[in-house]
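Have a look at the structure below, then the notes.
In the working numbering, the protein residues as written are 24 to 208.
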């Protein structure tokens, strides 16, 4: 792990614009009990789009929504949720702008993963490297997100590019240090 990162969720923030859609969907679908639970963490369920919030807000909101959408919040539920989240992001106005900055090349998008993350989060360090023409590694240090969710986001991004035979392998290096090896044809 890079020396400049402290392993704690409290140092990681995410912009409200990426929490708001989850909260809005929870308001529409959740029981009163689920809304009350989330309201204890996020007062009045109000989040400002361009303010940075503790990543705990996002993680707890997504956990509730996974349970609502998929019946639980296990690895498979987060995998589905990650794909869904990426597609929502890629089709949003801000997502279209960000994705257009990198073009339709999987290589460019993967190599700019840190830049993409830096627009919405702070505190996560990402290293990317090319292994071969259609095989790349992304390693996330200080990563507080559920692994299935991250894998789902990666699948969503590669699927958006209409790549074939996508394969993602996960390596757990421990202590919020995760690596994903992605390949395609």
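Quick reminder that beta carbons are idealized off the backbone N, C-alpha and C, glycines included.
Is residue i buried or exposed, if buried means 16 or more other CB atoms sit within 10 Å of its CB?
| i | result |
| --- | --- |
| residue 193 | exposed |
| residue 197 | exposed |
| residue 59 | exposed |
| residue 126 | exposed |
| residue 178 | buried |
| residue 25 | Caution is warranted here: a pLDDT of 47 is assigned to residue 25, below 50, making its placement in the model unreliable, and no coordinate value can be reported. |
| residue 66 | exposed |
| residue 54 | exposed |
Cα-Cα, which of the options is closest to residue i?
| i | options | result |
| --- | --- | --- |
| residue 135 | 180, 75, 206, 61 | 180 |
| residue 190 | 198, 199, 174, 196 | 174 |
| residue 200 | 72, 164, 157 | 164 |
| residue 40 | 96, 116, 83, 67 | 116 |
| residue 82 | 91, 45, 66, 68 | 45 |
| residue 38 | 70, 182, 100, 103 | 70 |
With a Cβ-Cβ cutoff of 8 Å, do residue i and residue j count as a contact?
| i | j | result |
| --- | --- | --- |
| residue 161 | residue 203 | yes |
| residue 176 | residue 105 | yes |
| residue 88 | residue 49 | yes |
| residue 92 | residue 80 | no |
| residue 124 | residue 171 | no |
| residue 84 | residue 61 | yes |
| residue 137 | residue 149 | yes |
Can you give me the C-alpha to C-alpha distance between residue i and residue j, rounded to a whole angstrom?
| i | j | result |
| --- | --- | --- |
| residue 110 | residue 56 | 29 Å |
| residue 86 | residue 159 | 29 Å |
| residue 112 | residue 95 | 23 Å |
| residue 122 | residue 152 | 20 Å |
| residue 207 | residue 167 | 27 Å |
| residue 182 | residue 52 | 28 Å |
| residue 99 | residue 187 | 21 Å |
| residue 141 | residue 120 | 15 Å |
| residue 73 | residue 169 | 23 Å |
| residue 131 | residue 157 | 12 Å |
| residue 29 | residue 185 | Residue confidence for residue 29 is low, a pLDDT of 46 falling below 50, so the modelled location carries little weight and cannot support an answer. |
| residue 47 | residue 114 | 17 Å |
| residue 78 | residue 139 | 16 Å |
| residue 129 | residue 43 | 28 Å |
Tell me which residue opens and which closes the beta strand (DSSP E) that residue i is part of.
| i | result |
| --- | --- |
| residue 37 | 36-38 |
| residue 158 | 158-164 |
| residue 197 | 190-197 |
Between which two residues does the alpha helix (DSSP H) harbouring residue i extend?
| i | result |
| --- | --- |
| residue 112 | 98-113 |
| residue 93 | 78-93 |
| residue 180 | 170-183 |
| residue 140 | 136-141 |
Compute the minimum distance between the beta carbon of residue i and the heavy atoms of the ligand PLP, and state whether it is under 7 Å.
| i | result |
| --- | --- |
| residue 143 | Annotation note on the ligand PLP: not contained in the displayed structure, which lists no ligands. |
Counting contacts by CB-CB distance shorter than 8 Å, is residue i in contact with chain C?
| i | result |
| --- | --- |
| residue 35 | Looking for chain C here will not work: only one protein chain is present. |
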